[in-house]
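S.K.: Going by full-length UniProt numbering, the residue at position 57 of the sequence shown is 57; the numbering climbs one at a time, nothing skipped.
Beta carbons: idealized from backbone N, C-alpha and C, even for Gly.
These figures come from a predicted structure and were not determined experimentally.
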Amino acid sequence: MKFYYQIVTTPTADTPGTVALLHFPNKRYLFGRVSEGTQRAMTENGTKLSGVSQVFLTGPMSWNNSGGLIGVILTKADGVTTSVSAQEAVEREKEANRQKHGGQQQTGKSGVRLQERAQFGDGEEQHDLTVHGPRNLAHTLATARRFVFRKGLPVYTKEYDTEGVWDGLGSNADDPFETPTWFDENIKAWVLPIKPSSTSGFSSPRKRSLDEFREDATQVVEVDRKSQDQLAREAVVANMFNSDWHLDALEETRLADVNLPAQIFVRNPETKDLEKYTGPLPGNGVEVPEMNVLVRKPWPGASIEKIPTAQRCDESLCYIVKNHNLRGKFDPKRAMALGVEKGRKFGMLTMGESVESKDGKLVTPEMVMEPARPGKGLAVMDLPTPEYIQSLLSRPEWKSPSVMSNLEAFIWILGPGVGDDPRLQKFVASMPNCKHIVSSKDYCPNYLALQSAAGSAIRLARLRPDNYAIPEHNNDTRFLQTRSSINPISTESQLSPSPFLPAEPGLIVNMEPEFKIDTSQIIPRLNTASFIQKMPVSAVRRAGIISRRLGAPEQQKRLEQFQKDLPGADAEIFTLGTGSSAPSKYRNVSSTLVHVPGSGYYLLDCGESTLGQLQRLFNPKELREVLQNLRMVWISHLHADHHLGIVSVLKAWYQENYPDGVPLSNAIEPSINKILEEKRLFVVSDGMMVEWLEEYAGVEDFGFSKLVPLCASPFRQEDGKLKTSLIYRHCRADGSYPKRELPESKPAQSELRYNKDDSTTFLLRKATGLADLLTTYVSHCRGAMAVSLVFHSGFKVSFSGDCRPSSTFAEIGEDSTVLIHEATFHDSMAGSAIAKKHSTTGEAVQIGRQMRARAILLTHFSQRYQKIAEVEQLDANEKPKATEAPQQGTPTTTAVPDIPLDNDTQEDLKPDHPWPRYTTESKKPGPAVVPIVTAFDLMRVRVRDMYTLGAYAPATERLFAVIERAGVQDARLTSLRQQHESKKQGKNKNKNKNKNKNQNSGSSPNGKNRASKSPSPSRELFEPPPSIWYAPESESGWSSSDSGKGASF
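As structure tokens, then:
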């Protein structure tokens, strides 16, 4: 049996964690730090999650080690759903064919399968996932209940700590580790929780006195409470991924008994149609009518308001993994010598059954089988800091024969400086027969792990060096990363050779049938020079023509019109992630950074790997300046692709501004003015986001005590204008507050508003750098909001998040300098945009026109439908044009929502109340020139340069068209090579068969049995067509003669 480990990721800006995949023929296992970027790296490298059933997290429970876990689970869940749907479609087709041919019962495997489905339902194929990890694993997943919803993938958690591992030891006094911590049909795993030096060492519990037992009796209630809390968390996790909840299911109940949030309907007594209930709602002491209503039951995540507060645990998990002993090979000669007849009895012996020989003697399998081969072991050791080394060295497992026999290799996941510690070096030297593979920033360079996205950025930098740059990276192992220094460390300073083999993606550790390190599958590092040289000639030519056209008088006049009286002309926008739903090879998920000189940096949404994108865009010195001056993070809604990167960013901000940390305290600061006077980072969003941060703060110290999390609630003033109330919840550093365990309890609160005239508002404006912050609910999911940030200079930036076109957003964004709007779908896919509550490019531009925005930036493009949006530049009163006819009719499909609730609370914001209705017809005319810019990852543009950048869209469009064609061509050539190799191997096999056959029959190789001559290889394979990179321009209007005076775009 063959099985092996393969390195998937090593620590880079793209992939901060280390992941190794253990391959068996029937299943796979994931080991390591499943950090942000893991899912995207696996997509990049073609590594599928379909066979993974066990995930073993290493290290302490922190976002650094688990930030990509939710994305990995969602990807696997979606894959399971797709697989099950495909299987059901196939079986429906088979059933239809059976009915078509007379309704005869199917036989064979298909028939049995249908009978099993009829008897047992759809669950006979096991689709589940078990995640092993440190304490607080279930808590971390349960905090995501408000924004994660999937069906059909049961997820189980197994948590380990020192006490639990010790309690599970066997009774063998000679070797208490004879029984592993966990095992299945393939492997045995021993879990090693290790502690930092302040609590280091592993010791068994000593015998206790009678008085101590009496004291422990008083703690039984506390232990029971912790067990109940853990069961509650596990139940939440189960409902998150395998619920039987249905979006369209309504149930009848008394209005007074309705638990909010919930959508409430009544049936019209005349028409019998369902109508939305608009009367008073239960709760807060309000009297409601005595009546029955129909309720759309909240999905399980929304119905659980609180989970128990977590207690921090700094133990780091390590694993020693071995396969089971392999049964020896069957020896037929030995069996025949013992009088066993060939045939069925040989098979019985192979299967472990005893048989009777010809002379009536009993022959057991042990008599005819070679000795069993002992299982081979590999250790995955995670040491975040040198403080964990002593605890590791003192583990009793190192003296256990069951654990240490046939240990072949170590994979060391090390924090900065750990590998050079003399204690660890000595331990490694004591095991010279083992291979020691290390994955650490001290040993692995910060190479470009996401080569598709990096290649796009490099080529864009060739076209527009003012707006794109080669991502920050290094491929040279002599100059390695450090977390604490701007200057890299050179390995040339090391006097002695390292005992470690640096890990690299693709590195294989073969365990069976022969232990061997295989470097043949290592992924070559991206060569930036080759990408710069391999540029589409037609795209470069277009860029040159556009550059000359921009110098024409007409274009200069339009540029001057755009830049005239432009507020915030020096403000700069950085698009960190411009994709939607899930990270793809070419686009990361949503995140945009805005820099306003004199005010600071503002982050609009923070999808997974946002910190990695910042590290690619800015060098270490620049990144420090960004983090030191980051004022606010705005989260538009709780979909995972918009906020799962926030903990990493908050932690980086905290470490930069408070490098020595802050002593943990149970005190709660009651003064909001004192809070505003401190250096803090503002996080503004819906209340669900703030509650998520509070709950996760119990797991680790990511800087929650130095945040100002604000719950935004838009409302209308008496004059009809939309304003925003901001609520600060006074909590402890771990997110808790007095009497939190009580169902109805809430923390003390302070309300902030920008439209007041008092000392608190003055401090708020000074601390945030804003003159005003306006929000409005939008149609996408529960709690989804759009925002407008208004600066003292008059600069105003409006950000849509995800939404359908919104009139109230156009209202709060009136006269915006820049509108940043999602454009998930092309105009031809209007039906899909309606069904999935997103916007098309044309709809986004129309909102900008209603706002009278000075410039429009389009982002959040569908990963599935397009790599570049097709838009045309817009003048003052010109309506946007769709390049294709939009879809007609009502959409027939809807997306499975992550938060399957609508925004009921936004109804009172719509301008259909007594105040004047907001319209654009009576307003002043729009700006004369409105540039439209299509965003790509790692793009940077100053507001005054948006017209120029928008003009280069045709060159960018041409670039991606060629890249896409080249990808198709490369894929076809790869397929042809694989087909050719497969045919070649098949023919060689047949040739050897025929050769043996001819030799046995005595026929001549020149006779009839001679193998036929192999056909000539495909001309397309060995004579590929001319490179499309150098193909001439095929569209009219882009020749050099068209670049003259007054030429248009």
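Tell me where the alpha helix (DSSP H) around S636 begins and ends.
M.R.: By 1-based counting over the sequence shown, the position of residue 636 is 636. Looking at the DSSP string, S636 is not in any alpha helix (DSSP H), and its letter there is neither H nor E.
S.K.: Pick out whichever of K796, K721, A928 and Q717 has its Cα sitting closest to the Cα of V817.
M.R.: Counting from 1 along the sequence shown, the entry for residue 817 is found at position 817. Reading the sequence as shown, one finds Thr at residue 817 and not Val. T817 has its Cα closest to that of K796, out of K796, K721, A928 and Q717.
S.K.: If L250 sits next to P289, beta carbons under 8 Å apart, how far is it from one beta carbon to the other, in whole angstroms?
M.R.: On the sequence shown, residue 250 is found 250 positions in, with the first residue counted as 1. On the sequence shown, residue 289 is found 289 positions in, with the first residue counted as 1. Their Cβ separation, rounded to whole angstroms, is 19 Å, which puts L250 and P289 out of contact at 8 Å.
S.K.: Less than 8 Å between the beta carbons of T18 and I508, yes or no?
M.R.: Start at 1 with the first residue of the sequence shown, and residue 18 comes out as number 18. Start at 1 with the first residue of the sequence shown, and residue 508 comes out as number 508. Result no, Cβ atoms of T18 and I508 do not sit closer than 8 Å.
S.K.: Quick one: what's got a C-beta closer than 8 Å to I522's C-beta in the same chain, skipping five residues either side?
M.R.: Along the sequence shown, one-based indexing puts residue 522 at 522. Closer than 8 Å at the Cβ level, and outside the excluded window around I522, lie E504, P505, G506 and L507.
S.K.: Looking only at its chain, what residues have a beta carbon closer than 6 Å to the beta carbon of F31, apart from the 5 residues adjacent to it on each side?
M.R.: For the purposes of this step, residue 31 is identified with residue 31 of the sequence shown, where counting begins at 1. Residues of the same chain with a CB within less than 6 Å of the CB of F31, apart from the 5 flanking positions on each side, are A20, F56 and V380 in chain order.
S.K.: Beta-carbon of L463 versus every beta-carbon of chain D: anything under 8 Å?
M.R.: Absent from the structure: chain D. Only one protein chain is present.
S.K.: Are T58 and C318 closer than 8 Å when you measure CB to CB?
M.R.: Numbered from its first residue, the sequence shown carries residue 58 at position 58. Numbered from its first residue, the sequence shown carries residue 318 at position 318. Going by C-beta atoms, T58 is nearer than 8 Å to C318.
S.K.: Whole angstroms is fine: what's the gap from V258's alpha carbon to F265's?
M.R.: Indexing the sequence shown from 1 puts residue 258 at position 258. Indexing the sequence shown from 1 puts residue 265 at position 265. Spanning the two alpha carbons is a distance of roughly 11 Å.
S.K.: What residue range is occupied by the uninterrupted beta strand (DSSP E) comprising E677?
M.R.: If you number the sequence shown from 1, residue 677 lands on position 677. Element bounds for E677: not the beta strand (DSSP E) but the alpha helix (DSSP H), I672 to E677.
S.K.: Helix or strand or just coil, what does DSSP make of H838?
M.R.: In the sequence shown, counting from the first residue as 1, residue 838 sits at position 838. If DSSP states are grouped into helix, strand and coil, H838 belongs with coil.
S.K.: According to DSSP, simplified to helix, strand and coil, what is D421?
M.R.: Translated into the one-based positions of the sequence shown, residue 421 becomes position 421. Three-state DSSP puts D421 in coil, outside helix and strand.
S.K.: Relative to the C-alpha of V933, which residue among W299, G926, P927 and V943 is closest?
M.R.: What you label residue 933 is simply residue 933 of the sequence shown in a count that begins at 1. Answer by Cα proximity: V943.
S.K.: Roughly how many angstroms lie between the CA atoms of M1 and P513, to the nearest whole one?
M.R.: For the purposes of this step, residue 1 is identified with residue 1 of the sequence shown, where counting begins at 1. For the purposes of this step, residue 513 is identified with residue 513 of the sequence shown, where counting begins at 1. Their backbone Cα atoms lie some 6 Å apart in a straight line.
S.K.: Roughly how many whole angstroms lie between the Cα atoms of D78 and P805?
M.R.: Numbered from its first residue, the sequence shown carries residue 78 at position 78. Numbered from its first residue, the sequence shown carries residue 805 at position 805. Roughly 28 Å between the two C-alpha positions.
S.K.: Could you give the residue range of the alpha helix (DSSP H) that holds T808?
M.R.: Counting from one through the sequence shown, the residue named residue 808 turns up at place 808. S807 to I812 is the extent of the alpha helix (DSSP H) around T808.
S.K.: Find out if the Cβ-Cβ distance for the pair L630, L611 is shorter than 8 Å.
M.R.: On the sequence shown, residue 630 is found 630 positions in, with the first residue counted as 1. On the sequence shown, residue 611 is found 611 positions in, with the first residue counted as 1. Cβ atoms of L630 and L611: not closer than 8 Å.
S.K.: Tell me whether G347 sits in a helix, a strand or coil according to DSSP, three-state version.
M.R.: Counting from one through the sequence shown, the residue named residue 347 turns up at place 347. Here G347 sits in helix by DSSP.
S.K.: Give the C-beta separation of A409 and P499 to the nearest angstrom, bearing in mind that I take them to be a contact with Cβ-Cβ under 8 Å.
M.R.: Here residue 409 refers to the residue found at position 409 when the sequence shown is read from its first residue. Here residue 499 refers to the residue found at position 499 when the sequence shown is read from its first residue. No, A409 and P499 are not in contact; Cβ-Cβ is about 13 Å, not under 8 Å.
S.K.: Given a cut-off of 8 Å on the beta-carbon distance, is the pair L938 and L627 in contact?
M.R.: The residue labelled residue 938 in the question sits at position 938 within the sequence shown. The residue labelled residue 627 in the question sits at position 627 within the sequence shown. Going by C-beta atoms, L938 is not nearer than 8 Å to L627.
S.K.: Pull up the CB-CB distance for T840 and T575, whole angstroms please, since I reckon it's below 8 Å.
M.R.: Locating residue 840 in the sequence shown gives position 840, counting from the first residue. Locating residue 575 in the sequence shown gives position 575, counting from the first residue. Rounded, the Cβ-Cβ distance is 19 Å, inconsistent with contact.
S.K.: Taking only the alpha-carbon atoms, compute the straight-line gap between E234 and R587 and give it to the nearest angstrom.
M.R.: Working through the sequence shown from its first residue, we reach residue 234 at position 234. Working through the sequence shown from its first residue, we reach residue 587 at position 587. So the alpha carbons of these two residues sit roughly 34 Å apart.
S.K.: On the three-pair Cβ rule with 8 Å, is the stretch 366–381 touching the stretch 334–350?
M.R.: yes
S.K.: Spatial neighbours of R558 within its chain, please: CB distance less than 6 Å, with the 5 preceding and 5 following residues excluded, ordered by chain position.
M.R.: For this step, residue 558 is matched to residue 558 along the sequence shown. So the list reads V929, once near-sequence residues are dropped.
S.K.: Taking only three categories from DSSP, how would you classify M431?
M.R.: For this step, residue 431 is matched to residue 431 along the sequence shown. Three-state DSSP puts M431 in coil, outside helix and strand.
S.K.: Per DSSP, what kind of secondary structure is M61 in: helix, strand or coil?
M.R.: Numbered from its first residue, the sequence shown carries residue 61 at position 61. Three-state result, M61: coil.
S.K.: Reducing DSSP to helix, strand and coil, say where F147 ends up.
M.R.: Here residue 147 refers to the residue found at position 147 when the sequence shown is read from its first residue. DSSP places F147 in coil when its eight states are reduced to three.
S.K.: Given T253, which residues of its chain have a CB within under 6 Å of its CB, disregarding the five upstream and five downstream residues?
M.R.: For this step, residue 253 is matched to residue 253 along the sequence shown. Contacts found: V295.
S.K.: Does DSSP put residue 1051 in a helix, in a strand, or in coil?
M.R.: Residue 1051 is absent from the structure shown; the chain starts at 1 and stops at 1049.
S.K.: Do you know offhand how far G67's Cα is from A966's?
M.R.: Within the sequence shown, the letter at position 67 stands for residue 67. Within the sequence shown, the letter at position 966 stands for residue 966. So the two alpha carbons sit approximately 34 Å from each other.
S.K.: On the three-state DSSP scale, how would you describe D14?
M.R.: On the sequence shown, residue 14 is found 14 positions in, with the first residue counted as 1. Coil, per DSSP.
S.K.: Where Q563 and E678 are concerned, what is the direct C-alpha to C-alpha distance, given to the nearest angstrom?
M.R.: Looking up residue 563 in the sequence shown gives position 563. Looking up residue 678 in the sequence shown gives position 678. If I take the Cα positions, the gap works out to 37 Å.
S.K.: Considering only DSSP beta bridges, list what I932 is partnered with.
M.R.: On the sequence shown, residue 932 is found 932 positions in, with the first residue counted as 1. I932 pairs with I856.
S.K.: Taking the alpha-carbon positions, what's the G950 to V941 distance?
M.R.: For the purposes of this step, residue 950 is taken as residue 950 along the sequence shown, with counting starting at 1. For the purposes of this step, residue 941 is taken as residue 941 along the sequence shown, with counting starting at 1. If you take the alpha carbons of G950 and V941, they lie about 10 Å apart.
S.K.: Less than 8 Å between the C-beta atoms of P193 and W245, yes or no?
M.R.: By 1-based counting over the sequence shown, the position of residue 193 is 193. By 1-based counting over the sequence shown, the position of residue 245 is 245. No, Cβ-Cβ distance for P193 and W245 is not below 8 Å.
S.K.: Round the Cβ separation of K637 and S590 to the nearest angstrom and send it over; I've been treating them as touching at under 8 Å.
M.R.: As a working note, residue 637 is residue 637 in the sequence shown. As a working note, residue 590 is residue 590 in the sequence shown. Note on identity: in this sequence residue 637 is His, with Lys being the wrong assignment. Rounded, the Cβ-Cβ distance is 10 Å, inconsistent with contact.
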